[in-house]
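Data block below; observations after.
Residue numbers (the numbering used here): 168 to 563.
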């Protein structure tokens, strides 16, 4: 049995950040009931191209595997009543909307504690549930610009650049999943739920980490680095080879001396300028051109073989296509085969958290509203005539 079996999450979330966080919970056994608005015909990610068909898409499948879909129009009193009945038998209410919305929509602990004292209400928003930007919509790209990520990324002579992936969205999704588990743990110990407030902005700022601490305490001003180099550790960066690029990281002195041995450059190992981390940093304008001249003479594969043999941390800079040819990827079973009734067999990316001895869940994301009647009948005991009435009112 997967470790989160028995945990029930009511998820009012769309697109990327929220669904990415609850995906990991669903993969690990939680029952995630995705509540979709019938007025908007569900999560907008169902319609993201390419590969979109009839209220479903590969984008949607990516973030909603192993979840259920319930249509519910919370503008209607009857739907609100239904929602509160579900709160009674759930552990978590998770919302992914503007920071002012959970309170307005009655999705906070204060609004729901009389129904279920142990309910945990988790909000994932752009800017959090307080502060001057609380009511603003927040998106990954905007937050990357606002929090300095773009200023740190890209070529020194080029424009500010976003990350190649929506890392603020994904990181905040994981933070929200952590908040859910912290809240549930607290509720199990104390018998009382709580509100948990997470945001794209807060997560992105927290991930500025040591450069921020250097800046706040010493006025450090980070610069974009040529060849994606580490700001202070040399050599730790991309190097051009005869046929591509590789990443080399000498984070410790012993790795530097291993590199010198592999290169058969005893002179570099014995040079007083390069013997320490500090020395290599201070003399990088001399050292890096020497290394670049050496590395361009052999292929990436030849260098990786030689450096790995000599215990020097390194790796190829793969093309996106090459990633999926990486032997370690297949050895770790990181590709799931998911049977979908319309797309056929879909290859998806497995959950990175492994429960040893347990298999991985691989149910496709539910079709729009597929579990509505099941939930109303089996969880709440609604009769067919009541369900038909709710449908006629536009509540579900």
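Ideal placement from N, C-alpha and C gives every residue a C-beta, glycine not left out.
Please report how far the alpha carbon of residue 329 lies from the alpha carbon of residue 411, in whole angstroms.
Between residue 329 and residue 411, the C-alpha separation is close to 23 angstroms.
Residue 384 classed as buried or exposed, judged by whether at least 16 other C-beta atoms fall within 10 angstroms:
Exposed.
Look at the alpha carbon of residue 417 and the alpha carbon of residue 401, and state the distance between them as a whole number of angstroms.
7 angstroms
Where in the region 413 to 437 do unbroken runs of the alpha helix (DSSP H), each at least 4 residues long, occur, reported from the N-terminal end onward?
420 to 430 and 433 to 437
Selection from 456, 422, 263 and 446 that minimises the alpha carbon distance to residue 347:
The shortest Cα separation from residue 347 among 456, 422, 263 and 446 belongs to 263.
Taking the beta carbon of residue 265 as the centre, do at least 16 other beta carbons fall within 10 Å, making it buried, or is it exposed?
Residue 265 is buried by the Cβ-count criterion.
Start and end residues, beta strand (DSSP E) containing residue 365
361 to 366
In terms of residues, what are the limits of the beta strand (DSSP E) holding residue 261?
259 to 263
Could you tell me the alpha carbon to alpha carbon distance between residue 302 and residue 366, rounded to whole angstroms?
One C-alpha to the other measures close to 12 angstroms.
Which runs of the alpha helix (DSSP H) at least 4 residues long sit entirely within the region 365 to 401? Give them in chain order.
Segments of the alpha helix (DSSP H) lying fully in the region 365 to 401: 367 to 373 and 376 to 385.
From residue 294 to residue 431, what distance separates their C-alpha atoms?
53 angstroms
Sequence-distant residues of the same chain with beta carbon closer than 8 angstroms to residue 427, five excluded per side:
433, 435 and 436
Do residue 246 and residue 563 count as a contact pair if the criterion is CB distance below 8 angstroms?
yes
According to DSSP, residues forming a beta bridge with residue 482
414
Cα separation between residue 281 and residue 349?
21 angstroms
Can you grab the Cα-Cα spacing for the pair residue 544 / residue 551, in whole Å?
When rounded, the distance between both Cα atoms is 8 angstroms.
Proximity to residue 424 [Cα-Cα], best of 296, 198, 190 and 479
Minimum Cα distance to residue 424 is reached at 479.
When DSSP labels each residue in this structure, what does residue 538 get in the three-state scheme?
Residue 538 carries a coil assignment under DSSP once its states are collapsed to helix, strand and coil.
Does the distance from the CB of residue 409 to the CB of residue 463 come in under 8 angstroms?
yes
Below 8 angstroms on the Cβ atoms is my guess for residue 535 versus residue 236; work out the distance and round it to an integer in Å.
6 angstroms
Anyone know if the C-beta pair for residue 518 and residue 191 falls short of 8 angstroms?
yes
Assuming residue 336 and residue 327 make a contact with CB atoms under 8 angstroms, what is their CB distance in whole Å?
About 18 angstroms; that fails the 8 angstroms criterion.
Using a threshold of 8 angstroms, state whether the C-beta atoms of residue 292 and residue 312 are closer than that.
By the CB criterion at 8 angstroms, residue 292 and residue 312 fall outside the cutoff.
Could you spell out where the beta strand (DSSP E) holding residue 404 opens and where it closes?
403 to 407
Is the beta carbon of residue 226 closer than 8 angstroms to that of residue 239?
no
Using the three-state DSSP reduction, which class does residue 203 fall into: helix, strand or coil?
Residue state, collapsed to three classes: strand.
Nearest-angstrom Cα separation, counted from residue 352 out to residue 243:
33 angstroms
Coarse secondary structure for residue 532, derived from DSSP in three states:
coil
Mark residue 201 as exposed unless 16 or more other C-beta atoms lie within 10 angstroms of its C-beta, in which case mark it buried.
buried
Looking at residue 284: is its Cβ nearer than 8 angstroms to the Cβ of residue 173?
no
Exposed or buried, what is residue 539 when buried is set at 16 or more other beta-carbons lying within 10 Å of its beta-carbon?
buried
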